[in-house]
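Note that the working numbering gives residue 832 to position 166 of the sequence shown, counting from 1, and the numbers run on in steps of one.
Working notes, beginning with the structure itself.
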Amino acid sequence: MIALTGVSKRFGATVALEPCDLTVAAGTTRVILGPSGCGKSTLLKIALGLVTPDGGTVELAGERLTPERLLALRRRAGYVVQGGGLFPHLTAAGNAALMARFLRWEPLRLSARLAELFDLARLSPDVLDRYPAQLSGGQAQRVGLVRALLLDPPVLLLDEPLGALDPVTRHELQEDLRAVFRRLGKTVLLVTHDLGEAAFFADRVTLLRAGRVLQEGTIEELVRRPADPFVARFVAAQRPPLPPAEGPA
């Protein structure tokens, strides 16, 4: 479970996040929606402890996030960013195994876990020895997912992980990611600005604007019963470019 209570954040004179509450039930997927600069990534980073809120509390995997527990709790959350966030001097295997090696896993245990996750992420074994510059965008993103899953954390946090991919690769990864979430029963907090992507993944959504929560609920509630004029505009701005094709007469 993830629970943020009354969290807020300012950067100088700029209000990045007004006091807000957010709860993600165990085993569900919550998507944070909104335009650029609305506070989505700040909220995610607060949940992970990468940004310290000015006020409020954070619980991650059922434990209060405090300075004393910060490092231990971070290991209970996998973090995936756009492009995978891979280190260019390490191979795919080296990137994926980074935390396990830091924790001094036995080589056989590590090899078995990498093989299991590369299979889960649909990555062929020959990718293990490639460097990030030798990977496609989709492969790099899958390696980033493997790294996030390696310690089997109960929580996954994803910051626009598919935003830089071409539409075909993005569609394939969406399918695979959702299958992984459901198969492993993870609690997921995912940031995107794409309404279609939110509809594909989310059990519930939260829409932000200028650091303030405008609406929470299901995608259907967001689309059919917008709580604010901006919510209606946000939904309308992402309508399909063409109407659905008509069937045969």
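Ideal Cβ placement from N, Cα and C applies to all residues, glycine included.
For residue i, does the three-state DSSP call read helix, strand or coil?
i, result
"Arg740", "helix"
"Pro685", "strand"
"Lys711", "helix"
"Asp860", "coil"
"Ala787", "coil"
"Gln840", "helix"
"Gly883", "strand"
"Leu888", "helix"
"Ala766", "helix"
"Leu776", "helix"
"Ala781", "helix"
"Leu816", "coil"
"Asp825", "strand"
"Ala692", "coil"
"Ala669", "strand"
"Arg899", "helix"
Determine the burial state of residue i: buried for a count of at least 16 other Cβ atoms within 10 Å of its Cβ, exposed for fewer.
i, result
"Pro833", "exposed"
"Glu826", "buried"
"Thr723", "exposed"
"Pro733", "exposed"
"Thr680", "exposed"
"Glu729", "exposed"
"Glu863", "buried"
"Gln807", "buried"
"Gly705", "buried"
Who are the Cβ neighbours of residue i in its own chain at under 6 Å, not counting the five residues just before and after it?
i, result
"Pro754", "Pro798"
"Leu824", "Val746, Leu856"
"Val854", "Thr695, Leu822, Phe847"
"Lys852", "Leu822"
"Glu882", "Thr872"
"Phe866", "Gln840"
"Glu725", "Ala669"
"Ala727", "Arg742, Pro820, Val821"
Give the C-beta separation of residue i and residue j to the nearest angstrom, bearing in mind that I take them to be a contact with Cβ-Cβ under 8 Å.
i, j, result
"Arg875", "Pro701", "7 Å"
"Leu850", "Val901", "Between Val901 and Leu850 the Cβ distance is about 31 Å, and since that is not below 8 Å, they are no contact."
"Pro819", "Arg741", "7 Å"
"Gly751", "Gly803", "The Cβ separation is near 13 Å, so there is no contact."
"Leu714", "Leu688", "Contact flag wrong, Cβ pair sits at about 13 Å."
Suppose the cutoff is 7 Å on Cβ atoms and the five residues either side in sequence are ignored; what does the same chain contact list for residue i look like?
i, result
"Arg878", "Glu684"
"Phe896", "Arg875, Leu880"
"Gln805", "Leu789, Val793"
"Lys675", "Ala682, Leu683, Thr708, Ile712, Val717, Pro719, Asp720"
"Leu815", "Gly744, Leu783"
"Val889", "Val901"
>> Please give me, in chain order, every unbroken run of the beta strand (DSSP E) with length at least 3 that falls completely inside the stretch 716-761.
In response: 721-726, 743-747
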